[in-house]
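Asks: Can you keep this structure in mind? I'll have questions shortly.
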Amino acid sequence: VTDKCDVYGFGVLMLELLTGRHPAIMAENGVDLVDAFLSAVQRNQVMEMIDKKNLEEGSRDEIQKFMQLALKCVAKIGMERPTMIEIVSELWRMQGQGRE
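Sequence positions in the sequence shown follow this note's numbering and run 1 to 100.
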């Protein structure tokens, strides 16, 4: 198990937060959360997968930034995924509390 596997798992958690869908429940139905999300992105229908609560509470810009980070985390090629330090830094920036 590598750090990049942990990053992938964190990305799945981020997608779960965005969609409100649990990956295990989706898998029981023969659907992979990451593949379903990537497919929605390709079809330009990603906002349909976002949990309505997130759409009510967050701005579209915030949701887009969070989604882009999640997509980087679940990149198929491990070397293309960010490090956890980069992820934390980006999350801080999203909160407007960047440490840099």
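For every residue, glycine included, the Cβ atom is placed at its ideal position computed from N, Cα and C.
Go through its chain and collect everything with a Cβ distance to V34's Cβ below 6 Å, but skip five positions before and after it.
Replies: Around V34: V74.
Asks: Taking one C-beta from the segment 69–89 and one from the segment 7–23 each time, how about it: are there three or more such pairs within less than 8 Å?
Replies: Contact holds: three or more Cβ-Cβ distances are below 8 Å.
Asks: I'd like the list of long-range same chain contacts for R81, defined as Cβ closer than 7 Å, with 5 residues on each side in sequence excluded.
Replies: Correct list, in chain order: K4, V7, Y8, K72, C73 and A75.
Asks: With distances taken from CA atoms, which of S39, G30 and N54 is nearest T19?
Replies: T19 has its Cα closest to that of N54, out of S39, G30 and N54.
Asks: Are the CB atoms of E62 and M26 nearer to each other than 9 Å?
Replies: Contact flag unset, no.
Asks: Which residues in the same chain as E100 place their Cβ atom closer than 6 Å to its Cβ, once the five residues preceding and following it in sequence are excluded?
Replies: For E100, the predicted model reports a pLDDT of 46, less than 50, meaning its position is unreliable; a value from the coordinates is still stated below. There are no such residues.
Asks: Whose C-alpha, out of L91, W92, T2 and E16, is nearest the C-alpha of K52?
Replies: Cα-wise, what sits closest to K52 is E16.
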